[in-house]
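Peer 1: Sending over a structure as structure tokens; questions will come in a sec.
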Amino acid sequence: MNIDTKSRAKITVKITAKLHFSAGLALLASTFFFSQHAAAGLVDLKWNEQGQFQHSAEIKAGGFLEVCGKLPAGLKIDWQYKSQQALDFNIHYHEGKKLSVPVKHQAKQTVAEQFEVKVAQDYCWMWSNKSKEATTVDLSLHRVAQ
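Numbering (mature numbering (1 follows the signal peptide of the UniProt record, and there is no 0)), first residue to last: -38 to -1, 1 to 108.
Structure, rendered in structure tokens:
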């Protein structure tokens, strides 16, 4: 089959247009997906002037919430959370591929403790909602004066 130059140019334009359209749709879909999950599940830990952080959020059935921030070694934090549903909870950090979990609770509606940072790291307070209903979690962190 012999295709002339004009026909080849039209085919190239049509294929290129379809590829750009498909790539655009894929980018739009992935942006929506990740922004929805980031907005729902990941929160930056930002202390106020009094050294406190408070946050309330809904966790969908089967969903999770993480509150993460960089913490210096030696810092002590009084923290507590309350929820209507029992939640699995942990405080964790990553070192390369290794996951360290200094605090872990299973199926608790409320916990109040003090956490002492042993290693300067990015730590995450994380809740998993394994129930079949959405729930709200109320978190309060307070830096202990040293």
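Virtual Cβ for every residue (Gly too), placed ideally from N, Cα, C.
Please state whether the Cβ-Cβ distance between LEU37 and VAL79 is less than 7 Å.
Peer 2: Mapped onto the sequence shown, residue 37 falls at position 75. Mapped onto the sequence shown, residue 79 falls at position 117. Yes, the pair counts as a contact, with Cβ atoms nearer than the cut-off.
Peer 1: Kindly confirm or deny that the region 13 to 29 and the region 83 to 94 touch, where touching means at least three C-beta pairs closer than 8 Å.
Peer 2: Because the criterion of three Cβ pairs below 8 Å is met, the region 13 to 29 and the region 83 to 94 touch.
Peer 1: How would you label HIS(-19), buried or exposed, when you count the other beta carbons within 10 angstroms and need 16 or more for buried?
Peer 2: As a working mapping, residue -19 is identified with position 20 in the sequence shown. Any answer about HIS(-19) is weak, because its pLDDT of 46 lies below 50 and its placement is not dependable; what the coordinates show is given next. Per the 10 Å Cβ criterion, exposed.
Peer 1: Go through the region 25 to 87 residue by residue and report every complete run of the beta strand (DSSP E) that reaches 3 residues or more, in order.
Peer 2: The qualifying runs are 26 to 33, 38 to 57 and 60 to 78.
Peer 1: Buried or exposed for THR97, please, with buried defined as at least 16 other CB atoms from any protein chain shown within 10 angstroms of its CB.
Peer 2: Along the sequence shown, read from residue 1 onward, the residue named residue 97 stands at position 135. Result: buried.
Peer 1: Please report the straight-line C-alpha distance between HIS104 and GLN47, rounded to a whole angstrom.
Peer 2: In the sequence shown, the residue the question calls residue 104 occupies position 142. In the sequence shown, the residue the question calls residue 47 occupies position 85. In a straight line, the C-alpha of HIS104 is about 24 Å away from that of GLN47.
Peer 1: Mind checking LEU49: buried by the 16 CB within 10 Å criterion, or exposed?
Peer 2: The residue you call residue 49 lines up with position 87 of the sequence shown. The residue in question, LEU49, is buried, as its Cβ has 16 or more Cβ neighbours within 10 Å.
Peer 1: Answer with buried or exposed for VAL99, where buried requires no fewer than 16 other C-beta atoms within 10 angstroms of its C-beta.
Peer 2: Position 137 of the sequence shown holds residue 99. The residue is buried, with at least 16 neighbouring Cβ atoms inside 10 Å.
Peer 1: Quick check: VAL106 and ASP40, are their CB atoms within less than 7 Å of each other?
Peer 2: Numbered from its first residue, the sequence shown carries residue 106 at position 144. Numbered from its first residue, the sequence shown carries residue 40 at position 78. Yes, the Cβ-Cβ distance between VAL106 and ASP40 is below 7 Å.
Peer 1: List the residues that DSSP assigns as beta-bridge partners of SER102.
Peer 2: Looking up residue 102 in the sequence shown gives position 140. SER102 is bridged to GLN16 and GLN42.
Peer 1: Is it buried or exposed for VAL63, if we count other Cβ within 10 angstroms and need 16 for buried?
Peer 2: Within the sequence shown, numbered from 1, the residue matching residue 63 stands at position 101. Answer is exposed; the Cβ neighbour count stays below 16.
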